[in-house]
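Down below is the structure, laid out as structure tokens.
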DNA sequence: AACCAGGAGACAT
DNA sequence: ATGTCTCATGGT
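Residue numbers (our numbering): 114 to 333.
What follows is the structure, encoded as structure tokens:
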């Protein structure tokens, strides 16, 4: 008998219900990279305002950002929150792209190494952690790297597929082992998980006095 | 009026 | 290695 794939079944259900999400919301690979940094622990609506500010100031490119004072850049991205730290992180990203000679065509980064090499190099950039690196690889460069975020942990923890103490890499390996390696699939799956999280998956159980809460991995 | 949002780095233990 | 703090705006 055919064993159903518990790591892929949610994808089928979500896609059937919601259809394709057409991610990442961003017009160019560089805009995707900037958005990936700005959306760290931040609602996407706030990121949109910050990106709109950058566009209005004609500042959505590497050289303009690198030429700007930190305080001026921070002021443009203020709506995205953490504006002082994110200003430095955006500059670090642009510095990295400039060092690679792709400051006017950031998508060309994809031709500079394997997915694993690029991931390693991205992680060495200040302000780029695992989720941001994978978001850039998948959504800006089109490389099949599965993105794990807070919604992923929450939803799949509650499905009983995670026990709660796995690190980022462990969760990513589980997905990459059970889900066929395909950029389009990884793209759509993560987008659908985020939509699920936003609409249906509350951060905490509603029932705070449930007698079984002490058994829940998310109980602290 | 808390609580949360598509995290990551610095720092102490 | 693993935990705790900090960073900050805007919506519910």
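Beta carbons are placed, not taken as given, at the ideal position from N, Cα and C, and that holds for glycine.
- DSSP places residue 260 in the coil class of the three-state scheme, outside both helix and strand.
- Taking C-alpha positions only, residue 139 is separated from residue 148 by approximately 8 Å.
- For the options 150, 189, 137, the alpha carbon positioned closest to that of residue 166 is the one of 189.
- The residues 148, 151, 152, 193, in chain order, have a CB closer than 7 Å to that of residue 160 in the same chain once the five nearest residues on each side in sequence are set aside.
- By the C-beta criterion, the segment 116 to 126 is judged not to be in contact with the segment 195 to 202, since fewer than 3 inter-stretch pairs fall below 8 Å.
- Taking C-alpha positions only, residue 222 is separated from residue 134 by approximately 25 Å.
- Contact annotation: the segment 261 to 278 does not touch the segment 227 to 242, with fewer than three C-beta pairs closer than 8 Å.
- Rounded to the nearest angstrom, the Cβ distance from residue 173 to residue 144 is 6 Å, consistent with a contact under 8 Å.
- Inclusion of residue 227 and residue 255 in the CB contact set at 7 Å is not warranted, their separation being larger than that value.
- Secondary structure remark: continuous beta strand (DSSP E) runs of at least 3 residues inside the segment 290 to 317: none found.
- Membership of residue 163 in the alpha helix (DSSP H) is indicated by the continuous run 157 to 169.
- For residue 272, the closest alpha carbon among the candidates 258, 299, 314 is that of 314.
- The straight-line gap separating the alpha-carbon atoms of residue 261 and residue 281 is approximately 7 Å.
- In this structure, DSSP gives residue 246 a helical state, which the three-state scheme calls helix.
- Looking from the CA of residue 285, the closest CA among 114, 248, 225 belongs to 248.
- One Cα belongs to residue 187, the other to residue 157, and the distance between them is close to 17 Å.
- Inclusion of residue 210 and residue 219 in the CB contact set at 7 Å is warranted, their separation being smaller than that value.
- Per DSSP, the unbroken alpha helix (DSSP H) holding residue 124 starts and ends at 122 to 131.
- Rounded to whole angstroms, the gap between the alpha carbons of residue 132 and residue 126 is 10 Å.
- Within the same chain, and ignoring the five residues on either side of residue 163 in sequence, the residues whose Cβ sits closer than 6 Å to its Cβ are 151, 190, 192, 193.
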